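Chain order of the listed sequences is P and V. According to this note's numbering, the stretch in the first sequence is residues -10 to 105, in order. According to this note's numbering, the stretch in the second sequence is residues 2 to 115, in order. Below is one structure, written out as structure tokens; the observations come after it.
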Amino acid sequence: SAVISQKPSRDICQRGTSLTIQCQVDSQVTMMFWYRQQPGQSLTLIATANQGSEATYESGFVIDKFPISRPNLTFSTLTVSNMSPEDSSIYLCSTKLAGGEFNEQFFGPGTRLTVL
Amino acid sequence: DQQVKQNSPSLSVQEGRISILNCDYTNSMFDYFLWYKKYPAEGPTFLISISSIKDKNEDGRFTVFLNKSAKHLSLHIVPSQPGDSAVYFCAARKSGGSNYKLTFGKGTLLTVNP
């Protein structure tokens, strides 16, 4: 398995500002994923971030709103830009280890974001 | 469009009894199904999975059943323990290539009462 940490664990932000969430994995991984869980909703994939290439965004998510960096094989950041109350969610990063039979993903503890 | 549905937001069972959590899906392209467990303030942790070529997979107290024709799967926990109290997410994935996207249900909160 992989141990994943996220910073910050929670934050309260003002409308119009931006927040960068950090994700650190305890081993080198090729693929990292960013998910969002809005209140009462399921986890939704925002983007896939592979080291050395541009992040791939899912339908409904754009780079200008959620820029992602992947500078090395153990670290990634997700920025939530120009925030509005609708961005209040839990943001989770995850990774998949090579060779996993069912490609199970391992998740960080999440960042709980509240936008006022 | 909710492709993975967990229609029961919550379930309460007595310790020692069976817990059955249900999940339905609509996309026939899903080939792998996974269950995750989530405690408060923690990320989801992988629990058990099943491929569409199987109809049952067992791991200790946890068994997942898949009915592909009905597009339905269920997670059985026997016997249930208070430490099993958590939110359980069903997730599905399409097979092939580098498609690792997981599609999740909304989760079911399981409470196991001592």
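Note that CB positions come from ideal geometry on N, CA and C, so glycine has one too. Since the model is a prediction, treat every value here as computed from it, not as a measurement.
Between Pro98(P) and Ala42(V), the beta carbon gap of about 7 Å places them in contact (Cβ cut-off 8 Å).
Within the DSSP bridge table, the entry for Arg(-1)(P) names Arg101(P) as partners. Distance from Leu111(V) to Leu12(V) at the Cβ level is roughly 5 Å; contact confirmed, criterion being Cβ atoms closer than 8 Å. Straight-line measurement puts the Cα of Asp85(V) at about 18 Å from the Cα of Gln7(V).
Of the other Cβ atoms in all chains shown, fewer than 16 fall within 10 Å of the Cβ of Lys(-4)(P); this residue is therefore exposed. Of the candidates Thr6(P), Thr33(P), Ala(-9)(P) and Gln26(P), Gln26(P) places its Cα closest to the Cα of Thr100(P). Taking 3 residues as the minimum length, the beta strand (DSSP E) runs contained wholly in the stretch 49 to 102 of chain V are 57 to 60, 63 to 68, 73 to 78 and 87 to 95, in order along the chain. In the DSSP assignment, Phe105(V) forms a beta bridge with Ala92(V).
Among the residues facing chain P, Lys102(V) is included, as its CB has a counterpart in that chain under 8 Å away. Chain order gives the chain P residues near Glu43(V) as Pro98, where near means a beta carbon separation below 7 Å. By the C-beta density criterion, Lys39(V) is buried, having at least 16 other C-beta atoms within 10 angstroms.
When C-alpha distances from Ser(-10)(P) are compared across Gln94(P), Ile35(P) and Phe50(P), the shortest belongs to Gln94(P).
If the five residues before and after Thr104(V) are omitted, its C-beta is found closer than 6 Å to the C-beta atoms of Gln4, Val5 and Ala93, all from its own chain and listed in chain order.
Here Thr109(V) is actually not in contact with Leu35(V); their C-beta atoms are around 14 Å apart, not less than 8 Å. Inclusion of Thr63(P) and Ile57(P) in the CB contact set at 8 Å is not warranted, their separation being larger than that value.
Rounded to whole angstroms, Gln3(P) and Gln82(V) show a C-alpha spacing of 42 Å. The beta carbons of Asn39(P) and Thr19(P) sit about 6 Å from each other, so the pair counts as a contact at 8 Å. Around the beta carbon of Arg59(P), 16 or more other beta carbons lie within 10 angstroms, which makes this residue buried. Straight-line spacing of the CA atoms in Ser16(P) and Phe22(P) works out to 15 Å. Nearest to Thr64(V) by alpha-carbon distance, out of Arg18(V), His77(V) and Cys24(V), is His77(V). Here DSSP, grouped into helix, strand and coil, assigns Pro41(V) to coil.
Considering only Asn68(V), Phe31(V) and Gly106(V), the residue with the shortest C-alpha distance to Ser31(P) is Gly106(V). Taking the beta carbon of Phe105(V) as reference, the chain P residues within 7 Å of it are Ser31 and Leu32, listed in sequence order. In the three-state scheme derived from DSSP, where H, G and I count as helix and E and B as strand, Pro60(P) is classed as strand.
Interface annotation for the stretch 65 to 88 of chain V against chain P: empty, criterion Cβ-Cβ distance under 9 Å.
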